[in-house]
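Here's the structure, in structure tokens; my notes come after.
Numbering (the working numbering), first residue to last: 244 to 656.
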């Protein structure tokens, strides 16, 4: 009897085992229903990766960072200690991995895994883009060089993707790479300029971009030092007694020069009721227009005057001779500017600009003036201050004829 009972029990166990095995065979294994989408996100933003699974049953879904070999989440639990990571479930079949305040180190492959006997996995890639930043420690700062030296400017930038660097001048003028080679802009981290001149002085912009806004730039100021140079438009100036006269010099210097006037005996001229001095900064700023106004000329005022410019790189000076001349004896052309009487205030010139003067960056203009004097038969034609110019007999006859006509013509009308 007992033997029979044992056989019955054994048969039931065998039948139950077969039934359980059959049921397990009938249950479908979990599968992924969609791929994990690759995502590109700027640093600092938040991102969400989705993993969809069907027939999950009692199995679990886990998220991992493949490159870091780090388990991030399992089912509804966060495993990593990274507070920026979290996981959610839509109560259906999709598991979401959330990363807030994304950083550059978060980039890489993310793996969604199902813990079946043979684990099932799929991957999605997270691209993290970072706007460019300029590394000041590896980039050039403002530089001061002597004229004729070579200059190298460097600009390094970080970002993802790797930024490209280009150089431009702040005023959009061309960059002089070498003699005869100029460009509107230069691409590359290093900008080299050979035999730099005062014309190359100014601000240069290093611009870094990688397609991720914003584009950034760094301003590098290049200062070119050189000793003063002088240009004197009129080395001989004639003016009558009791008139006012203005003497002029043009200078170029960097650093800015100390500019002043002296008499032929070396004594410096100071501001007074007799003298008024004015220095007008030109464009570019290394140019200066020096003016010396002499009021109510007396015989003691005639002679040699010297304009002087000094800076740490050197000094330069030039002379102007003021001589006496007679007042005009002819009736001036009504269109001409007449000499103001001593009681009137002196005429003030307009501010210095490149367009309003023939101000040049060299001293050849003085030689040109001498050549014109030689071509005129050795005679230097000089104007009184503000007076019409009478240079020869033909001009005298034309002026006399004008006076005669101005008297006769009204008699017929």
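In this text, a Cβ means the ideal position worked out from N, Cα and C, and glycines have one as well.
{"Asked": "Residue 559 (DSSP reduced to helix, strand or coil)", "Found": "strand"}
{"Asked": "Range of the contiguous beta strand (DSSP E) that encloses residue 302", "Found": "Per DSSP, residue 302 belongs to no beta strand (DSSP E) and is neither H nor E."}
{"Asked": "Length of the line joining the Cα atoms of residue 335 and residue 283", "Found": "26 Å"}
{"Asked": "Between the CA atoms of residue 344 and residue 308 - distance to the nearest angstrom", "Found": "16 Å"}
{"Asked": "Residue 481 classed as buried or exposed, judged by whether at least 16 other C-beta atoms fall within 10 angstroms", "Found": "buried"}
{"Asked": "Rounded distance between the beta-carbons of residue 303 and residue 317, thought under 8 Å", "Found": "6 Å"}
{"Asked": "Residues sharing a beta bridge with residue 552, DSSP", "Found": "502, 559"}
{"Asked": "Uninterrupted beta strand (DSSP E) stretches inside the segment 374-445 (no shorter than 3 residues)", "Found": "386-389, 394-397, 400-403, 407-412, 418-421, 424-426, 433-436"}
{"Asked": "Meets three-Cβ-pair contact criterion under 8 Å: the segment 387-399 and the segment 419-439", "Found": "yes"}
{"Asked": "Given 8 Å, three or more beta-carbon pairs between the segment 488-502 and the segment 546-555", "Found": "yes"}
{"Asked": "Spatial distance of residue 337 from residue 355 (CA atoms)", "Found": "11 Å"}
{"Asked": "Chain-order list of residues whose beta-carbon lies under 7 Å from that of residue 403 (same chain, five-residue window excluded)", "Found": "347, 371, 372, 373"}
{"Asked": "Residue burial classification, residue 535 (beta-carbon count within 10 angstroms, cutoff 16)", "Found": "buried"}
{"Asked": "Short CB-CB distance (under 9 Å) between residue 556 and chain D", "Found": "Absence of chain D from the displayed structure is noted, only one protein chain being present."}
{"Asked": "According to DSSP, residues forming a beta bridge with residue 484", "Found": "In DSSP, residue 484 forms no bridge with anything."}
{"Asked": "Residue nearest to residue 275 in terms of C-alpha spacing, selected from 295, 388, 452, 290", "Found": "295"}
{"Asked": "Contact between the segment 503-518 and the segment 455-465 (3+ Cβ pairs under 8 Å)", "Found": "no"}
{"Asked": "Assigned secondary structure, residue 540 (DSSP; H/G/I helix, E/B strand, else coil)", "Found": "coil"}
{"Asked": "Sub-9 Å separation of residue 500 and residue 388 beta-carbons", "Found": "no"}
{"Asked": "Nearest-angstrom Cα separation, counted from residue 306 out to residue 315", "Found": "5 Å"}
{"Asked": "Per DSSP, cross-strand counterpart(s) of residue 479", "Found": "564"}
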